[in-house]
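Residue numbers (the numbering used here): 405 to 680.
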């Protein structure tokens, strides 16, 4: 993990950059366009959006305007809950593809495990993969039992599981399960929300030692756990800062100290109890 261009190799051989830009709650139009353009200028080659974020057009436009060849940028989007089911997912994918303005997507995810629907939804993803419209498929917010349910009869096992993960919520059993099954673990909201984590004394002390910010320490901790991470920011300085994590390494003691901050504290919805 020497640079922003380094990536994890998914079980089908596709490379996925370790660090990406998340655009959840980034406004459509100028705001998302600027954030993505800034990230690409800094050197990011991985952008994570979703139908639900309603900013796919801006993401696609920024990528096209950047002048960087499409095959050098890894783009993720996701099918929303109200579009789940086999046929509805195929339609939703078509809509996302048009909004992005691409002829393929690098990674397509089932956004949440909607009961009675997520297996049919995943079957649609398998079809999109076999037909060459996506380079990789996976899931988001899936617990171990959801993954076991998919693995029981899928033709193509998920390549990625994108979930809430940060020092207060380390999901050790889920991480171990994904590693065991060669499903790449990916962290959303790696810095939590609202910044409370960034004043945590353990993180502040480690950051001072390396002349880094607590956010940079957290993102480095993700990478050293072999977790793909997608911090969200719209501030150019922060976007650049989040990427500046390849010139230092945490010791085993420091990794353990950050692991020990876990409180099993979710900030997002529980995948077993959500109603949207």
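The C-beta atom is built at its ideal place from N, Cα and C for all residues, glycine as well.
Notebook entry, point to check: Is the CB-CB distance between residue 578 and residue 564 below 8 Å?
Noted result: Contact flag unset, no.
Item checked: Residues near residue 433 by beta carbon distance below 7 Å, same chain, minus five either side -> 462
Check: Are residue 453 and residue 481 touching if we call contact CB-CB under 8 Å?
Finding: yes
Check: DSSP state of residue 486, grouped into three classes?
Finding: In the structure shown, residue 486 sits in a helix (DSSP, three-state: H, G or I).
Check: Can you give, in chain order, each stretch of the beta strand (DSSP E) that sits fully within the stretch 422-465 and has at least 3 residues?
Finding: 450-452
Next item on the list: Would you identify the three-state DSSP class for residue 566, choosing helix, strand or coil?
Entry: Of the three classes helix, strand and coil, the one that applies to residue 566 here is strand, per DSSP.
Checklist line | Cβ separation of residue 448 and residue 424, assumed to be a contact under 8 Å, to the nearest whole Å | finding: 6 Å
Note to self: Tell me whether the stretch 462-480 and the stretch 649-662 touch, counting them as touching only if at least three CB pairs, one residue from each stretch, are closer than 8 Å.
What the structure shows: no
Margin query: Going by the DSSP bridge assignment, what does residue 629 pair with across the sheet?
Written below: DSSP, once it has assigned bridges, lists no residue as partnering residue 629.
Notebook entry, point to check: So who's on the other strand from residue 512, going by DSSP bridges?
Noted result: 481 and 541
Next item on the list: List the endpoints of the continuous beta strand (DSSP E) containing residue 591.
Entry: 588-592
Next item on the list: Go ahead and label residue 413 buried or exposed: buried means 16 or more other beta carbons lie within 10 angstroms of its beta carbon, across all protein chains shown.
Entry: exposed
Check: Looking only at its own chain, which residues have a Cβ that is under 6 Å from the Cβ of residue 428, when we skip the five neighbours before and after it?
Finding: 457 and 636
Notebook entry, point to check: When the Cβ atoms of the stretch 596-605 are set against those of the stretch 614-627, are three or more pairs found closer than 8 Å?
Noted result: Flag = yes, the stretch 596-605 and the stretch 614-627 touch.
Notebook entry, point to check: So what does DSSP say about residue 556, is it helix, strand or coil?
Noted result: In the three-state reduction of the DSSP assignment, residue 556 falls in the helix class.
Margin query: Check for me: the beta strand (DSSP E) holding residue 412 runs from which residue to which?
Written below: 411-413
Check: Roughly how many whole angstroms lie between the Cα atoms of residue 562 and residue 493?
Finding: 16 Å
Note to self: Is residue 486 near the ligand MN - that is, is its Cβ less than 7 Å away from at least one heavy atom of it?
What the structure shows: The ligand MN is absent from the structure shown, which contains no ligand whatsoever.
Next item on the list: Since I believe residue 680 is in contact with residue 485 (beta carbons under 8 Å), could you give me their beta-carbon distance rounded to a whole number of angstroms?
Entry: 6 Å
Notebook entry, point to check: Is the distance from the Cβ of residue 554 to the Cβ of residue 538 below 8 Å?
Noted result: no
Notebook entry, point to check: In chain order, what residues of the same chain lie with their CB nearer than 8 Å to the CB of residue 518, ignoring the 5 residues before and after it?
Noted result: Excluding sequence neighbours, residue 518 sits near 485, 488 and 525.
Next item on the list: Verify whether the separation of the beta carbon atoms of residue 532 and residue 514 is less than 8 Å.
Entry: For residue 532 and residue 514, no; Cβs fall outside 8 Å.
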